[in-house]
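Working notes, beginning with the structure itself.
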Amino acid sequence: MTHQVNDNIVDKSIKRVHKLEAKGVKVFYDDFMAIKGIDMQIKANKVTAFIGPSGCGKSTFLRLFNRMNDYVDGFRMEGEVLKDGDNIYKKKVNVEQLRKQVGMVFQKPNPFPKSIYENVAYGLKIQGIKDKKYLKEKVEDSLKQVALWDEVKDDLNKSAMALSGGQQQRLCIARTLAVEPSIILMDEPTSALDPLSTAKIEELIYELKQKYTIVIVTHNMQQAGRISDYTAFFYLGELIEYDKSKKLFTNPEKQQTENYITGRFG
Amino acid sequence: MISLDQHKEALNQSGIEMLHLCHKQLENARDAFFAHDSELAEEVVHTENRVNALDLRIDRDCERFIALHNPVASDLRFALALRKINFDLERVGDHAYGISQYIVELDTPIDKKLLEMMRVEEMFEGALSMLEDITDSYEEVDTKMARKVFKKDKTLNKINMQSFGIISEEVQKDPKLINQFLLLFSVIKKLERIGDLITNIAEEIIFYSEAEVMKHRKKKKVRRSKD
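Each protein sequence line maps, in turn, to chains V and C.
This note's numbering puts the first residue of the first sequence at 2, with every later residue one more than the last.
This note's numbering puts the first residue of the second sequence at 302, with every later residue one more than the last.
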């Protein structure tokens with residue numbers, strides 16, 4: 002009896018600690034196997050970085066968490082992907098609702114050709130929210146979270162396209178935050194930005210992890226080392242090593258990881 | 302453009318050069334000491350400039366290596382370890398220089414009986430043997446060889462510890478010998494320090510190769526766990 006109680010406690014704590022989980026995940030694009038059976042648990046309120054050479058499957062794996070691969074021709078998946086313990090690939094899952102909870106930021110800033118205000122309010126408006134006061138508050142709050150408010154507060158009606166690349170990317174993050182996700186996926190969010198804008202985004206990611214679980218794909222080793230708590234190294238569709246970033250970037254277990262992070266292959 | 306591997310190899314060669322140079326300095330200091338050869342001692346004193354120049358070059362190159370290549374994992378450990386190894390070797394060079402200075406300034410050779418009593422030759426041989434081990438260990442990245450010096454350092458420590466008692470006893474018997482004994486005490490202290498510095502270098506080689514931090518750990522315990 003006591004044993005059962007203990008088991009329950011363990012189960013609950015696992016659910017709380019691991020926000021996302023992959024169980025025996027395989028991904029195919031027609032006959033090509035892009036992900037070759039990966040088991041992985043991603044911790045809540047931590048930044049997890051995915052690294053690996055181009056074509057290793059890290060972006061495919063990232064996009065599994067908000068079902069972005071569903072649109073890719075020939076995509077097929079085996080195994081389970083769990084969010085808060087629930088399989089997000091079950092037939093009953095509302096994908097729009099899922100993407101509200103699992104936001105995504107892309108490599109190139111992609112603001113809508115609308116005003117700054119409209120960009121941030123967009124997600125809320127399509128959910129049917131019309132309360133102007135609420136929308137205003139939400140826009141301000143989101144822009145403050147990404148440290149963009151002071152820079153744009155007097156120009157909210159200005160086109161988002163007039164902002165710099167770094168500002169646009171922070172705006173896109175604000176747009177993601179406005180719909181209150183619990184997870185943010187980032188696919189090389191700073192690769193198109195200059196060093197100063199990159200530093201601002203990195204600082205932002207560090208702050209956002211207090212509230213959100215963040216998974217980031219990056220080609221920048223130093224960036225992964227700086228901002229992430231955990232790092233996963235992918236190679237040819239396999240998860241080679243997954244460890245605390247401190248450990249992985251100073252003393253990796255696997256020779257393949259060492260060769261990749263020291264720039265000797267990939 | 303110089304690649305990371307080329308840069309690392311150039312740094313590695315500089316490290317080997319520093320090891321050989323410091324070994325030669327200590328060897329010459331020993332020969333000058335026992336033969337009371339002030340000319341050879343002068344050579345050690347002058348060569349100290351080369352040691353210092355190489356120290357600065359390695360330091361600067363390590364800094365450049367880190368700044369240009371942003372090394373991680375074993376590459377980063379290599380650069381960090383080499384900086385410390387270089388620092389310790391420069392200090393070894395300083396002690397060889399210090400011993401040679403005594404010879405330059407000393408008018409009469411030291412009594413052989415006193416040298417034997419204080420086990421100075423054993424001390425020199427021990428330090429040189431440790432330096433040879435560490436050179437081999439560095440060149441081959443052989444941590445087993447690096448660990449050898451921990452035991453040898455204990456012998457140096459023991460001789461150093463015993464020297465104070467011997468001096469106190471002998472000077473009471475013949476107070477005229479105090480100057481010679483004080484000089485020997487000073488040389489033994491320097492050799493004991495050299496032993497400590499070489500031990501630090503061994504720790505750095507282990508850190509580079511195995512990512513294991515040995516600092517402030519009991520060496521005996523570590524060796525046992527490795528056996």
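Glycine residues also receive a C-beta, built at the ideal position from the N, C-alpha and C atoms.
Please read all numbers here as calculations on a predicted model, not as lab measurements.
Proximal residues of chain C, C-beta to C-beta of residue i below 7 Å
i      : result
E259/V : A374 and S375
Q223/V : N371
Local conformation of residue i per DSSP, three classes
i      : result
D244/V : strand
E422/C : helix
G80/V  : strand
A23/V  : strand
L355/C : helix
D188/V : strand
E254/V : coil
D40/V  : strand
F29/V  : strand
G86/V  : coil
V140/V : helix
I411/C : coil
D8/V   : Because D8/V carries a pLDDT of 39, less than 50, the predicted location of this residue cannot be relied on, and no value is offered for it.
E181/V : coil
S160/V : strand
M69/V  : helix
A35/V  : strand
Whether residue i touches residue j by CB criterion (9 Å)
i      : j      : result
D195/V : G166/V : yes
S261/V : Y231/V : Per the sequence shown, the amino acid found at residue 261/V is Tyr instead of Ser. No, the pair does not count as a contact, with Cβ atoms beyond the cut-off.
A23/V  : G80/V  : yes
L136/V : A122/V : yes
L498/C : D389/C : yes
G104/V : P54/V  : no
I400/C : K491/C : yes
Y398/C : V352/C : yes
P110/V : C57/V  : no
C363/C : N329/C : no
F379/C : L312/C : yes
M446/C : D437/C : yes
V216/V : F107/V : no
H308/C : L369/C : yes
H220/V : I52/V  : yes
A354/C : V345/C : no
F425/C : F486/C : no
D356/C : M302/C : no
T214/V : L83/V  : no
G238/V : M69/V  : no
S143/V : A179/V : yes
I367/C : M419/C : no
Burial state of residue i (16 or more Cβ within 10 Å)
i      : result
I317/C : exposed
F62/V  : buried
I10/V  : Reliability fails at I10/V, whose pLDDT of 40 lies under 50, so the model's placement of it is uncertain and the value that follows must be treated cautiously. The residue in question, I10/V, is exposed, as its Cβ has fewer than 16 Cβ neighbours within 10 Å.
Q224/V : buried
V48/V  : buried
R384/C : buried
E493/C : buried
G129/V : exposed
H396/C : buried
F465/C : exposed
Start-to-end residues for the alpha helix (DSSP H) that takes in residue i
i      : result
M222/V : M222 to I228
K274/C : This structure does not reach residue 274/C, given that chain C is present from 302 up to 528, and the question cannot be answered.
T263/V : First-last for T263/V: undefined, no H or E at that position.
C57/V  : Element bounds for C57/V: n/a, residue is neither H nor E.
V472/C : T444 to K474
P196/V : P196 to L209
F388/C : A374 to E406
L125/V : I117 to I127
D151/V : W150 to V153
Residues that residue i contacts on chain V, provided the C-beta gap is smaller than 7 Å
i      : result
L305/C : G264
A512/C : T251 and N252
Contacts of residue i in chain C (Cβ-Cβ under 9 Å)
i      : result
G53/V  : Under the 9 Å cutoff, chain C gives no residues; its nearest Cβ is about 15 Å from G53/V.
G226/V : V373
Limits of the beta strand (DSSP E) - the one that residue i falls within
i      : result
I317/C : Looking at the DSSP string, I317/C is not in any beta strand (DSSP E); the run it does join, the alpha helix (DSSP H), is L305 to A336.
F235/V : Y231 to Y236
G104/V : V103 to V106
V48/V  : V48 to I52
V218/V : T214 to V218
Below-9 Å beta-carbon distance, residue i vs any chain B residue
i      : result
R378/C : Absence of chain B from the displayed structure is noted, the protein chains being V and C.
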